[in-house]
Amino acid sequence: MRLKLVAGNWKMHGGIERNRDLLSIVVSGTAGLQKAACAVCVPYPYLSQVQSLLKNTHVSWGAQNISQHDMGAYTGEVSADMLTDFCCYYVIVGHSERRTLYGENSRTVSLKFKVAQDAGLVPILCVGETLEQREAGFTEQVVREQLDAVIGLVGVDALARSVLAYEPIWAIGTGKTATPQQAQDVHVFIRNIVASYNVKVAAELRILYGGSVKASNAAELFAMLDIDGGLIGGASLVAEEFISICLAAQN
Ligand code: PGA
Numbered sequence: 116m117r118l119k120l121v122a123g124n125w126k127m128h129g130g131i132e133r134n135r136d137l138l139s140i141v142v143s144g145t146a147g148l149q150k151a152a153c154a155v156c157v158p159y160p161y162l163s164q165v166q167s168l169l170k171n172t173h174v175s176w177g178a179q180n181i182s183q184h185d186m187g188a189y190t191g192e193v194s195a196d197m198l199t200d201f202c203c204y205y206v207i208v209g210h211s212e213r214r215t216l217y218g219e220n221s222r223t224v225s226l227k228f229k230v231a232q233d234a235g236l237v238p239i240l241c242v243g244e245t246l247e248q249r250e251a252g253f254t255e256q257v258v259r260e261q262l263d264a265v266i267g268l269v270g271v272d273a274l275a276r277s278v279l280a281y282e283p284i285w286a287i288g289t290g291k292t293a294t295p296q297q298a299q300d301v302h303v304f305i306r307n308i309v310a311s312y313n314v315k316v317a318a319e320l321r322i323l324y325g326g327s328v329k330a331s332n333a334a335e336l337f338a339m340l341d342i343d344g345g346l347i348g349g350a351s352l353v354a355e356e357f358i359s360i361c362l363a364a365q366n
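Here you go:
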């Protein structure tokens, strides 16, 4: 039985006061959560604050990106060791905004996945297609290429210490959610790829859905057999929304 995970992706949002208010409501509102896990991935400058607010709570924290390099002359980058200094548990790698706006390709994403794992972090690997790719019938090809790049570098067993997130780009921040069946189909496709290498890893792998998940649609998405939770952007910034989504994950 896979424990569902709801992870907030704050993107470039937040502020010292706002974070404090949001997290105190989220922590108390999800206190009864037993059959699901909950996390927030926050901007780097707030890691220290979030660490002190969330330590000794049931809410985990992480970052949204990581450098593929260990250290050195990489202005503006943040290494795996820096994230572990703040006791991050998760780090998102390969989010579509990183791929499309910052030119990260599948090779870069795989390297990031590897450095994260080598440092003991749990990568949340995002994969997903654009609307044009979906309409042209290339969804499976795109997702397979993104996944194969990682499996090719680290091997399939490494996926056991990671989380996957299927995020169709056309559903991110657009208010347009994939239907539960559309998401389920891709999740099964992903799980089958992994199962073709290792059935046990595939059975235990958590595959989150991301893309306009809200309190109003979370339950129907999470009811699908292969949807093991969500990666939540906009709705993770609204305490009541995020709490409802977390609670929907345990039903
Ligand atoms: P959204 O973002 O929930 O705002 O669509 C999801 C994501 O980008 O992870």
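Using our numbering, read the sequence shown as starting at 116 and increasing by one per residue.
All C-beta atoms, glycine included, are put in the ideal place defined by N, C-alpha and C.
Computed from a predicted structure; not experimentally measured.
Would you identify the three-state DSSP class for V353, choosing helix, strand or coil? coil
Since V258 and V242 are thought to touch, with beta carbons under 8 Å apart, how far apart are those beta carbons, to the nearest angstrom? 5 Å
Can you tell which of D200, S277, E250 has its C-alpha closest to the C-alpha of A316? Reading the sequence as shown, one finds Val at residue 316 and not Ala. With distances taken between Cα atoms, V316 lies closest to S277.
Let me know the secondary structure DSSP gives C241 once reduced to three states. strand
Buried or exposed by the 16-neighbour rule on C-beta atoms within 10 Å, applied to K119: buried
Quick one: Cα of M116 to Cα of E319, how far? 8 Å
Where does the unbroken beta strand (DSSP E) through R321 begin, and where does it stop? 321–325
What are the start and end residues of the beta strand (DSSP E) that includes A154? 151–156
Taking Cβ positions, are G129 and V157 nearer each other than 8 Å? yes
Beta-ladder partner(s) of V316, from DSSP: None; V316 has no bridge partner.
Could you tell me whether any non-hydrogen atom of ligand 1 is closer than 7 Å to the CB of L346? yes
Does the stretch 167–177 come close enough to the stretch 214–228 to have 3 or more Cβ pairs within less than 8 Å? no
Taking the beta carbon of E244 as the centre, do at least 16 other beta carbons fall within 10 Å, making it buried, or is it exposed? buried
What distance in whole Å lies between the Cβ atoms of L340 and A280, which are believed to be in contact at a cut-off of 8 Å? Not confirmed; about 17 Å, so no contact.
Nearest to A310 by CA position, among T199, A275, M186, is which residue? A275
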